Each structure stands twice: as C-alpha cells, then as structure tokens.
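For any residue, its number in the working numbering is found by taking its place in the sequence shown, counting from 1, and adding 176. Just so it is clear, CB atoms sit at the ideal spot from N, CA and C, and this is done for glycine as well. Note that the coordinates shown come from a computational prediction; the quantities given were computed from them, not determined experimentally.
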Amino acid sequence: MILETKQNVSKFFNTNWTTTPIEWKGLPFSIIGKDEWIKVEYIPSGNSSLDISNNGYRQSSYISVFIHARKENRCYELYDILCTKLQTIKIDNVKVRYIDVNNKSTLDTTNGAYTFMEVGVTIKTLWFMI
C-alpha cells in the first residue's frame with residue numbers, strides 16, 4: 177500500500193506539475209542552467225490503523241516539496257501554484273490534510289544562489305478491505 181501511494185504521488189506530480197523541472201530523490205538531476213525547480217520526496221509513515229469495523233486502512237504520510245528559485249517572490253508564487261494544485265485535485269485515494277512551510281532559506285551553489293522553501297504536505301490514504 178505504501179508503494180502504491182508513492183506511485184500515485186509521483187504520477188500526480190509528473191502529470192500535473194509543468195511549471196518547473198522536478199528533481200526526484202535518488203535520481204540524477206543537474207541544476208546547471210536552471211533558475212527554478214522543485215524537489216519532491218515521498219516519506220511514508222509507520223502510523224497506520226484499521227478502523228473498529230475492520231473495513232478500512234488509514235495511513236498518514238508526508239510529501240516534502242523543496243521549492244528553489246532565484247528570487248524570493250518567485251518562491252512564493254510557486255508555493256501558491258503548488259497549494260492550488262494540491263487543493264483542487266484528488267490523488268486516487270489520497271487526501272491532502274495539511275500544507276505547511278517548514279523552512280525558508282538561501283542555498284548557495286556553484287550555479288549561484290537560490291531562495292528555497294521546504295513545504296510539508298501531510299496526506300491521508302484510505303484503503304478499503306474486502
């Protein structure tokens with residue numbers, strides 16, 4: 177179930193996020209020549225439970241989205257776009273619960289400086305058992 181949720185999250189971003197390139201944790205990515213991009217990481221939670229009637233499986237998980245842009249205001253624009261996309265969609269059986277900015281800072285690289293924001297997206301997955 178965790179793998180399927182990760183695949184659904186990946187499919188959502190690959191299909192719906194066309195604003196910037198996407199960096200995926202564990203895959204090669206070069207920032208050379210890029211003024212902005214997002215990095216997406218799915219983090220499953222060990223917290224899951226069956227409801228009292230044994231008919232559902234709920235899993236809380238987390239998506240970290242790191243927004244990188246040359247200008248601070250562009251980071252805010254990308255955050256607004258991300259929130260709009262996440263609030264208006266359904267990722268199969270995944271529901272967005274919370275969207276938080278966890279950190280904002282400057283990242284100095286050999287390609288120049290970027291403002292980055294770490295956005296935490298808490299999601300819930302509901303699986304029905306037969």
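Q.
At the level of alpha carbons, what is the spacing between C259 and G288?
A. Walking along the sequence shown from the start, residue 259 turns up at place 83. Walking along the sequence shown from the start, residue 288 turns up at place 112. If you take the alpha carbons of C259 and G288, they lie about 27 angstroms apart.
Q.
In chain order, what are the residue ranges of uninterrupted beta strand (DSSP E) at least 3 long that sit wholly in the stretch 259-286?
A. 270-285
Q: Could you check the C-alpha separation between K280 and V272 for me, to the nearest Å?
A: Your numbering for residue 280 matches position 104 in the sequence shown. Your numbering for residue 272 matches position 96 in the sequence shown. Roughly 22 angstroms between the two C-alpha positions.
Q. What's the gap between the Cα of I306 and the Cα of V216?
A. Residue 306 sits at position 130 when you count from the first residue of the sequence shown. Residue 216 sits at position 40 when you count from the first residue of the sequence shown. Per-residue confidence for I306 stands at a pLDDT of 46, beneath the threshold of 50, marking its modelled position as unreliable; the derived number appears in the next sentence. Distance between the alpha carbons of I306 and V216 is about 33 angstroms.
Q) Can S240 and T301 be called in contact, C-beta distance under 8 angstroms? A) Locating residue 240 in the sequence shown gives position 64, counting from the first residue. Locating residue 301 in the sequence shown gives position 125, counting from the first residue. The answer is no: Cβ separation not under 8 angstroms.
Q.
Let's test the definition: count the other Cβ atoms within 10 Å of the Cβ of V295 and tell me whether it reaches 16, buried, or not, exposed.
A. Stepping through the sequence shown from its first residue, residue 295 is reached at position 119. It counts as buried.
Q: For the stretch 177-229, list the beta strand (DSSP E) runs that are entirely contained and at least 3 residues long, ordered along the chain.
A: Counting whole runs of 3 or more residues, the stretch 177-229 contains the beta strand (DSSP E) stretches 198-200, 212-226.
Q. Name the DSSP beta bridge partners of Y238, please?
A. On the sequence shown, position 62 is the one that residue 238 refers to. BP columns for Y238 point to I219, T298.
(Q) Short of 8 angstroms in beta carbon distance, which residues of its chain neighbour R246, apart from the five on each side in sequence? Order them along the chain. (A) Translated into positions along the sequence shown, residue 246 becomes position 70. For R246, where only same-chain residues beyond five positions count, the Cβ hits under 8 angstroms are D211, E212, G288, A289, Y290, T291.
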